[in-house]
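Chemist:
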Amino acid sequence: MVGQEQGEGEVEVIHSWSAPRSLSTSLMYSFAQRDDMEVLDEPLYATFLKVFDVERPYREKLLSKMESDGDKVVKEIIFAPGEKKYRFCKVICKLFHQSATIPGNYFVVVLKFVEALSIDCHDFNVVDIVRCALCRFQNKMVALVPVPSVTNQFAVDSHVNSLYVGIFEGWDSMDRVLDCRIKEGSLLVLASALHMSKQRLPGLPSDLIKKGKHFILIRNPLDILPSFGKVVPPSFLDLGLAELVSIYNDLCQLGKRPPVIDATDLVQNPEATLHSLCEDLCIPFQDSMLRWEAGPKLIDGIWAPWWYKSVHKSTGFSSTRKYPEPFPHSHYDLLEQSLPLYNWLRRHVRQASTLLKTPLPPPDLPVPANEKLLAWVGDEILPRESAKVSVFDSVVQGGDSVWEGLRIYRGKIFKLEEHIDRLFDSAKALAFKNVPTREEVKEAIFRILNRNGMFDNSHIRLSLTRGKKVTSGMSPAFNLYGCTLIVLPEWKPPVYDNTHGVTLVTATTRRNSPNNLDSKIHHNNLLNNILAKIEGNNANADDAIMLDKDGFVSETNATNIFLVKKGRVLTPHADYCLPGITRATVMDLVVKEGLVLEERRISLSEFHTADEVWTTGTMGELTPAVKIDGREVGDGQVGPVTRRLQNAYKKLTEESGVPIPSYLEN
1 MVGQEQGEGE VEVIHSWSAP RSLSTSLMYS FAQRDDMEVL DEPLYATFLK VFDVERPYRE
61 KLLSKMESDG DKVVKEIIFA PGEKKYRFCK VICKLFHQSA TIPGNYFVVV LKFVEALSID
121 CHDFNVVDIV RCALCRFQNK MVALVPVPSV TNQFAVDSHV NSLYVGIFEG WDSMDRVLDC
181 RIKEGSLLVL ASALHMSKQR LPGLPSDLIK KGKHFILIRN PLDILPSFGK VVPPSFLDLG
241 LAELVSIYND LCQLGKRPPV IDATDLVQNP EATLHSLCED LCIPFQDSML RWEAGPKLID
301 GIWAPWWYKS VHKSTGFSST RKYPEPFPHS HYDLLEQSLP LYNWLRRHVR QASTLLKTPL
361 PPPDLPVPAN EKLLAWVGDE ILPRESAKVS VFDSVVQGGD SVWEGLRIYR GKIFKLEEHI
421 DRLFDSAKAL AFKNVPTREE VKEAIFRILN RNGMFDNSHI RLSLTRGKKV TSGMSPAFNL
481 YGCTLIVLPE WKPPVYDNTH GVTLVTATTR RNSPNNLDSK IHHNNLLNNI LAKIEGNNAN
541 ADDAIMLDKD GFVSETNATN IFLVKKGRVL TPHADYCLPG ITRATVMDLV VKEGLVLEER
601 RISLSEFHTA DEVWTTGTMG ELTPAVKIDG REVGDGQVGP VTRRLQNAYK KLTEESGVPI
661 PSYLEN
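Each residue of the sequence shown is one higher than the one before, starting from 1 at the first, in UniProt numbering.
Next comes the structure, spelled out in structure tokens:
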């Protein structure tokens with residue numbers, strides 16, 4: 001140990017705490033390459049299986065081959081004398097910390113949720129409430145809870161000390177063991193509550209955490225869960241992330257704040273990450289840690305044939321996959337529960353406000369599949385309900401953001417380059433600074449589409465805000481964090497009825513003049529459009545036509561607009577409207593189809609008397625309008641020119657677009 005001489009045969013233990021499927025075995029192989037290191041592969045695994053009734057395909061073999069007495073493991077294996085200077089001890093967090101059960105999977109918890117139980121035990125005054133059963137013991141309230149009912153609640157109330165079990169009378173005095181009988185139906189089992197900062201498992205001494213050096217290896221649950229699920233179905237307790245948070249907290253209380261490393265960093269920059277870790281552990285870095293031989297190892301645990309197939313193919317920290325596979329929806333709830341704990345370890349947990357709660361019931365989504373989608377915010381991929389920007393972000397404080405809409409057709413993004421061009425033009429016009437690169441924006445788009453498995457019939461709302469402010473206020477001088485990139489994908493068919501057509505009304509709200517706010521900047525300040533849309537909604541119309549300051553038609557609240565009169569196609573000039581990418585595409589198609597195109601100022605009466613009218617936009621494609629201000633357009637049916645251009649547009653989407661680099665191509 002630093003500053004101390006080691007006795008003969010004494011080994012300094014380095015504890016590696018991690019969740020499963022976090023590259024912990026790769027890291028063990030890395031440390032095993034050192035000339036001063038011996039390694040132990042999960043020496044406490046048998047202890048875990050003996051105490052907790054967890055099914056594993058190798059359970060009986062493991063219990064027959066490995067020592068399961070926790071006290072012996074710690075004293076005679078983990079801290080035993082050795083021939084090397086250091087011993088690397090790989091520990092996968094399961095239920096080693098801050099919880100205890102006995103056969104029957106029940107424990108006592110100091111929280112106020114889960115289903116009510118019928119409790120029959122002496123010396124307890126039982127108060128049954130709707131969601132839990134509370135017991136009074138020595139004037140302290142505890143709740144008796146079955147493990148399966150509580151597992152999906154851990155991450156919800158995951159702020160350090162709110163997770164844990166025991167008789168709550170001060171953190172240091174939760175050391176009393178209680179036994180009582182819990183009756184659930186005809187089942188009688190014993191429940192115990194005990195303080196586990198002295199015992200991680202029954203029989204384990206506190207030396208495990210007080211002695212040696214410690215570090216924590218974390219990995220995003222987005223990657224842990226699919227990997228774990230290929231072997232056995234994962235549960236929240238299997239992930240051990242709550243235990244990692246607790247271990248981190250306890251080590252900090254002991255004055256031994258552990259270094260934390262992320263598995264992603266190990267893959268992306270192994271040398272720098274290992275250099276930093278070794279420095280934190282006060283051991284020299286060795287180049288040999290960067291590579292190892294492929295295949296099984298003598299140091300592998302009995303469980304290796306089930307869990308180590310991928311790592312046995314590796315020779316170092318590298319990924320054979322650039323783009324991730326789609327995240328399985330069956331693990332979505334576990335992802336929501338575990339991400340807060342991962343994020344706490346990564347950058348401190350963010351507490352959500354409970355002061356503002358809507359009394360309204362959750363609405364039905366237009367596309368139910370979008371209930372479980374993933375979005376890109378900043379530099380993170382987050383579940384729908386966790387995908388939030390800071391309250392200090394400029395888009396919140398002033399609508400200070402630019403955006404684009406993208407559509408995905410059969411594995412390709414239509415007009416991607418044109419949309420990114422306009423995004424960067426808009427950002428430049430608004431003098432954004434510290435803007436992500438074009439490639440970074442595209443990579444974020446590709447990654448989020450792969451994570452969601454979205455390769456067709458979907459839409460992306462791509463936003464770039466000026467970023468987070470150091471304090472609230474209007475001035476861009478407060479924006480010192482760089483821009484915030486938001487990539488919101490949704491399963492979304494075209495939003496208008498392109499078969500039968502839509503109805504339009506004319507809004508009294510006039511389109512912004514370039515004198516005030518240039519509509520060629522595709523900005524997020526959409527109040528001008530929203531006010532017109534409100535008028536359309538109130539008139540039971542699909543959209544509203546907006547006029548410019550001189551009374552000529554500009555566009556609708558959401559789309560550009562075209563008309564056909566006597567075989568000629570007309571569209572308003574773009575002085576008072578956004579020159580849409582779909583608009584430009586359709587204008588090109590008009591010319592290619594041999595039709596006459598005219599771009600000029602157009603009065604409202606010309607639309608009232610047109611033979612055909614349609615609107616264009618990314619979300620709606622090419623949409624016929626069959627009624628304007630109560631007047632039928634032409635004969636009230638979708639016209640031949642409209643149908644002709646719809647077919648040409650559909651063909652174009654089939655033949656062009658930027659292919660999405662898929663995980664299938666890796």
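Beta carbons: idealized from backbone N, C-alpha and C, even for Gly.
1. To the nearest angstrom, how far is it from the Cα of residue 10 to the Cα of residue 302?
2. Just curious, the alpha helix (DSSP H) that residue 89 is in, first and last residue?
3. What distance in whole Å lies between the Cβ atoms of residue 30 and residue 24, which are believed to be in contact at a cut-off of 8 Å?
4. Would the beta-carbon of residue 502 fall within 8 Å of that of residue 456?
5. For residue 636, count neighbouring Cβ atoms within 10 angstroms of its own Cβ and tell me buried if that reaches 16, exposed if not.
6. Near residue 57, what residues of its chain come up, given a Cβ to Cβ distance below 7 Å and the 5 sequence neighbours on each side ignored?
7. Would residue 315 be called buried (16 or more neighbouring beta carbons within 10 Å of its own) or exposed?
8. When the Cα atoms are used, what is the spatial distance from residue 520 to residue 578?
9. Would you identify the three-state DSSP class for residue 375, choosing helix, strand or coil?
10. Would you mind working out which of 560, 376, 642 sits nearest residue 572, comparing C-alpha positions?
11. Just to confirm before moving on: does the CB-CB distance between residue 458 and residue 489 stay below 8 Å?
12. Rounded to a whole number of angstroms, what is the C-alpha to C-alpha distance between residue 541 and residue 631?
13. Based on the DSSP output, what are the partners of residue 565 in its beta bridges?
14. Any idea what DSSP makes of residue 546, helix, strand or coil?
15. To the nearest angstrom, how far is the alpha carbon of residue 518 from that of residue 526?
16. Compute the beta-carbon to beta-carbon distance between residue 478 and residue 484, rounded to the nearest angstrom, for a pair I have assumed lies under 8 Å.
17. Quick one: measure Cβ to Cβ for residue 240 and residue 93, integer angstroms, because I've assumed they're closer than 8 Å.
18. Nearest-angstrom Cα distance between residue 669 and residue 310?
19. Check residue 161 in the structure and name its three-state DSSP category.
20. By alpha-carbon positions, which one of 467, 452, 419 ends up nearest to residue 438?
21. With distance defined between alpha-carbon atoms, name the residue in 384, 538, 14 nearest to residue 207.
22. For residue 474, does the count of other Cβ atoms within 10 angstroms reach 16, so buried, or fall short, so exposed?
23. So, at 8 Å on beta carbons, what are the nonlocal neighbours of residue 281 in its own chain, with the 5 sequence-adjacent residues on each side left out?
24. By the three-class DSSP mapping on this structure, what secondary structure does residue 423 have?
25. Compare the Cα-Cα distances from residue 298 to each of 63, 28, 588, 595 and report the closest residue.
26. Among 650, 345, 431, 36, which one has its Cα closest to the Cα of residue 407?
27. Whole angstroms are fine: how far does the CA of residue 33 sit from the CA of residue 63?
28. Would you kindly work out how many angstroms separate the C-alpha atoms of residue 609 and residue 222, rounded to a whole number?
29. Does the contact criterion of 3 or more C-beta pairs under 8 Å hold for the region 332 to 340 versus the region 445 to 453?
30. Indicate whether residue 508 and residue 604 have their beta-carbon atoms separated by less than 8 Å.
31. Consult DSSP for residue 633 and reduce its assignment to one of helix, strand or coil.
32. Should residue 677 go down as buried or exposed, given a rule of 16 or more other Cβ atoms within 10 Å for buried?
33. Going by C-alpha distance, which of 430, 84, 217, 295 is nearest residue 277?
34. Which one of 446, 428, 432, 381 has the shortest CA to CA distance from residue 412?
35. Is DSSP giving residue 409 helix, strand or coil here?
36. Find out if the Cβ-Cβ distance for the pair residue 576, residue 611 is shorter than 8 Å.
Modeler: Reading it off the structure:
1. Within the sequence shown, the letter at position 10 stands for residue 10. Within the sequence shown, the letter at position 302 stands for residue 302. For residue 10 and residue 302, the distance between alpha carbons rounds to 27 Å.
2. Stepping through the sequence shown from its first residue, residue 89 is reached at position 89. No alpha helix (DSSP H) holds residue 89; the beta strand (DSSP E) holding it covers 86 to 92.
3. As a first step, residue 24 is located in the sequence shown; it is residue number 24 there, counting from the start. As a first step, residue 30 is located in the sequence shown; it is residue number 30 there, counting from the start. Going by Cβ atoms, the distance from residue 24 to residue 30 rounds to 10 Å, so no, they are not a contact pair.
4. Sequence index remark: in the sequence shown, residue 502 carries index 502 (1-based). Sequence index remark: in the sequence shown, residue 456 carries index 456 (1-based). No; because the gap between Cβ atoms is not below 8 Å, this pair is not in contact.
5. Along the sequence shown, read from residue 1 onward, the residue named residue 636 stands at position 636. Residue environment: residue 636 is assigned as exposed (fewer than 16 neighbouring CB atoms within 10 Å of its CB, all protein chains considered).
6. Here the question's residue 57 lines up with position 57 in the sequence shown. Excluding sequence neighbours, residue 57 sits near 306.
7. Walking along the sequence shown from the start, residue 315 turns up at place 315. With fewer than 16 Cβ atoms within 10 Å of its Cβ, residue 315 is classed as exposed.
8. As a working mapping, residue 520 is identified with position 520 in the sequence shown. As a working mapping, residue 578 is identified with position 578 in the sequence shown. Whole-angstrom Cα-Cα distance: 5 Å.
9. Against the sequence shown, residue 375 aligns to sequence position 375. In this structure, residue 375 counts as strand in the three-state DSSP scheme.
10. Numbered from 1 along the sequence shown, position 572 holds the residue referred to as residue 572. With distances taken between Cα atoms, residue 572 lies closest to 560.
11. For this step, residue 458 is matched to residue 458 along the sequence shown. For this step, residue 489 is matched to residue 489 along the sequence shown. Yes.
12. Taking the sequence shown and counting its residues from 1, the one referred to as residue 541 is at position 541. Taking the sequence shown and counting its residues from 1, the one referred to as residue 631 is at position 631. Their Cα atoms are separated by approximately 12 Å.
13. Stepping through the sequence shown from its first residue, residue 565 is reached at position 565. Per DSSP, 568.
14. Numbered from 1 along the sequence shown, position 546 holds the residue referred to as residue 546. Residue 546 falls in the strand class under three-state DSSP.
15. For the purposes of this step, residue 518 is identified with residue 518 of the sequence shown, where counting begins at 1. For the purposes of this step, residue 526 is identified with residue 526 of the sequence shown, where counting begins at 1. Cα to Cα, the separation comes out at about 12 Å.
16. Translated into the one-based positions of the sequence shown, residue 478 becomes position 478. Translated into the one-based positions of the sequence shown, residue 484 becomes position 484. Going by Cβ atoms, the distance from residue 478 to residue 484 rounds to 14 Å, so no, they are not a contact pair.
17. Indexing the sequence shown from 1 puts residue 240 at position 240. Indexing the sequence shown from 1 puts residue 93 at position 93. Indeed, because the Cβ distance is near 3 Å, the residues count as touching under 8 Å.
18. Limits of the chain in this structure are 1 at one end and 666 at the other, which puts residue 669 out of reach.
19. In the sequence shown, residue 161 corresponds to position 161, counting from 1. Confidence at residue 161 is low in this model, with a pLDDT of 26, below 50, so the placement of that residue should be treated as unreliable; the coordinate-derived value is given next. Reduced to three states, the DSSP call for residue 161 is helix.
20. Stepping through the sequence shown from its first residue, residue 438 is reached at position 438. Checking every option, the nearest Cα to that of residue 438 belongs to 419.
21. Here residue 207 corresponds to residue number 207 of the sequence shown, with the count starting at 1. It is 14 whose Cα lies nearest to the Cα of residue 207.
22. Position 474 of the sequence shown, counted from the start, is the residue given in the question as residue 474. Residue 474 is exposed by the Cβ-count criterion.
23. Start at 1 with the first residue of the sequence shown, and residue 281 comes out as number 281. So the qualifying residues of the chain are 14, 213, 215, 259.
24. By 1-based counting over the sequence shown, the position of residue 423 is 423. Three-state DSSP puts residue 423 in a helix.
25. Position 298 of the sequence shown, counting from 1, holds the residue named residue 298. When each option's Cα is compared against that of residue 298, the closest is 28.
26. Along the sequence shown, one-based indexing puts residue 407 at 407. It is 650 whose Cα lies nearest to the Cα of residue 407.
27. Here residue 63 corresponds to residue number 63 of the sequence shown, with the count starting at 1. Here residue 33 corresponds to residue number 33 of the sequence shown, with the count starting at 1. For residue 63 and residue 33, the distance between alpha carbons rounds to 29 Å.
28. As a working mapping, residue 609 is identified with position 609 in the sequence shown. As a working mapping, residue 222 is identified with position 222 in the sequence shown. When rounded, the separation of the alpha-carbon atoms in residue 609 and residue 222 is 56 Å.
29. No, the region 332 to 340 does not touch the region 445 to 453.
30. Translated into the one-based positions of the sequence shown, residue 508 becomes position 508. Translated into the one-based positions of the sequence shown, residue 604 becomes position 604. No, Cβ-Cβ distance for residue 508 and residue 604 is not below 8 Å.
31. As a working note, residue 633 is residue 633 in the sequence shown. In the structure shown, residue 633 falls within a coil segment according to DSSP collapsed to helix, strand and coil.
32. Since the first and last residues shown for the chain are 1 and 666, residue 677 lies out of range.
33. Here residue 277 refers to the residue found at position 277 of the sequence shown. The candidate whose alpha carbon is nearest that of residue 277 is 217.
34. Within the sequence shown, the letter at position 412 stands for residue 412. The shortest C-alpha separation from residue 412 is found at 446.
35. For the purposes of this step, residue 409 is taken as the residue at position 409 of the sequence shown. In the structure shown, residue 409 sits in a strand (DSSP, three-state: E or B).
36. Counted from its first residue, the sequence shown places residue 576 at position 576. Counted from its first residue, the sequence shown places residue 611 at position 611. Result no, Cβ atoms of residue 576 and residue 611 do not sit closer than 8 Å.
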